Amino acid sequence: MSTATGIGSMPGTTSADFAEATRLVLGELPDLPHVPELPGRGVGAQMTGRGLAVVAGLAADLQPAGWRLTDASGADHRRARSLLAQDLDTVEELAQDHVGAFKTQVAGPWTLAATVEKPRGDKVLSDHGARRELAQALAEGIGEHLADLRRRLRGVERWVVQVDEPALAAVVHAQVPTASGFGRHRKVDLPEASAHLEWVVSAITAAGAEAWVHSCAPQVPWSLVADTGVRGLSADLDMLGAGDLDTFAEVLESGRTAVLGVVPSTERPADPSDARVTERVQRWLDMLGLDPEVVRERLVVSPTCGLAGATPDWAARAVRLSATVARNL
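Heads up, the sequence shown is in my numbering, so the first residue is 73 and it goes up one at a time.
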């Protein structure tokens, strides 16, 4: 049977909302629940803030222009770390009896480099040494984060770390704006882009977990990502170009995982039926020449990106629909 999971983000603005989201994913996605993320609670709960809460050995603070590396952690950085710890306390309490697999998410090295500033301004992306240091600090921090999760949830036998890289395509295609907004940062050469991802993937693997890379952006260099040692690729089906299909097919054929975002993350005038979504996935497999009977255990179904912007009712509906489609497959 195929598996269903969530991308990570969920709607909500309070700790009570986080607890409710945790109960939802534990109840409806029992084969692969995930640590929810509620970006609606503020910058410390959003992707960059949460990523900096995991990074080891680097301090940051929130400036008018966004997150910036600093000599000492500012109040917002301390709050981000405190919020992460509180969330994990909730997950520990509610998932104490969970056995099997569990997923957590963290911002990737290139997304952090494209959204965090150096101490004197401009993005970390603009400095070769700074982006290397940030990537290595992230790799170290993920190892510590996984060790913490293992202590909290001792029944989990299989950990998956989803590395979120929504900015990767912009980084390699020179589309990240400079501080002035009038220019673009130089593109990062593909060997360096690969190396930084490999550091993070290797740290996850060394910690005994599976590394998946997720992006919901178009023009992601998926063939590069697939060669970094990752065990899974995750994307919205609508964002995959013709050239990406072969890469996803090769991943499935090699025994690795492909996560397809196929359930709409926001409510539509016509409620999508599980039969229609299931048929769409089956057509995709048929187009790639893949036998559903052979690859279904490595195929994971999820909602598309953007679930944080949904109503709580629709978010619950999307999660349940993903689980139904996975059972259908």
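We put the CB at the ideal spot given by N, CA and C, even for glycine.
Keep in mind that this is a model prediction, so the values were computed, not measured.
Outcome for residue i when other beta-carbon atoms lying within 10 angstroms are tallied against a minimum of 16
i: S306; result: buried
i: A93; result: buried
i: V349; result: buried
i: E19; result: Lying outside 73 to 401, the shown extent of the chain, residue 19 is not represented and no answer is given.
i: V366; result: exposed
i: V171; result: exposed
i: Q177; result: buried
i: Q168; result: exposed
Pairwise C-alpha distance: residue j and residue i
i: S198; j: D343; result: 45 Å
i: A267; j: W356; result: 31 Å
i: D161; j: A314; result: 43 Å
i: L309; j: D346; result: 16 Å
i: F254; j: R392; result: 44 Å
i: A144; j: A131; result: 5 Å
i: P83; j: P375; result: 13 Å
i: R204; j: G129; result: 14 Å
i: D385; j: G201; result: 46 Å
i: Q354; j: S81; result: 26 Å
i: G227; j: Q158; result: 20 Å
i: A91; j: V163; result: 8 Å
i: V334; j: A76; result: 11 Å
Assumed close pair residue i, residue j - CB separation to whole angstroms, cut-off 8 Å
i: G123; j: V115; result: No, G123 and V115 are not in contact; Cβ-Cβ is about 12 Å, not under 8 Å.
i: P108; j: V97; result: 6 Å
i: L156; j: L184; result: Incorrect: roughly 15 Å between the Cβ atoms, too far for contact.
i: G138; j: E189; result: 6 Å
i: L379; j: A390; result: 6 Å
i: V244; j: L262; result: 7 Å
i: T329; j: G304; result: 3 Å
Span of the beta strand (DSSP E), counted from its first residue to its last, around residue i
i: A211; result: Taken as a continuous stretch (DSSP letters only), A211 belongs to no beta strand (DSSP E), being part of the alpha helix (DSSP H) at 200-224.
i: L305; result: 304-308
i: G138; result: 138-142
i: S274; result: Note, S274: premise wrong, no beta strand (DSSP E); alpha helix (DSSP H) at 262-278.
i: A131; result: 131-135
i: G333; result: 329-335
i: V235; result: 228-236
i: G172; result: 172-179
i: L371; result: 371-375
Test: residue i CB closer than 8 Å to a CB of chain C
i: M73; result: Although the question refers to chain C, the structure presented lacks it and comprises just one protein chain.
Opening and closing residue of the alpha helix (DSSP H) in which residue i lies
i: P364; result: 364-367
i: V282; result: Just to set this straight, residue 282 is Glu in the shown sequence, not Val. Run containing E282: none in the alpha helix (DSSP H); it sits in the beta strand (DSSP E), 282-286.
i: F90; result: 87-100
i: H149; result: 147-166
Fill in: Cβ contact check for the segment 268-284 and the segment 187-198: 3 or more pairs under 8 Å
Fewer than three beta-carbon pairs drawn from the segment 268-284 and the segment 187-198 are found closer than 8 Å, and the two stretches are therefore not classed as touching.
Q. Should the segment 243-251 be called in touch with the segment 208-226, which here means at least 3 C-beta pairs below 8 Å?
A. Touching, no.
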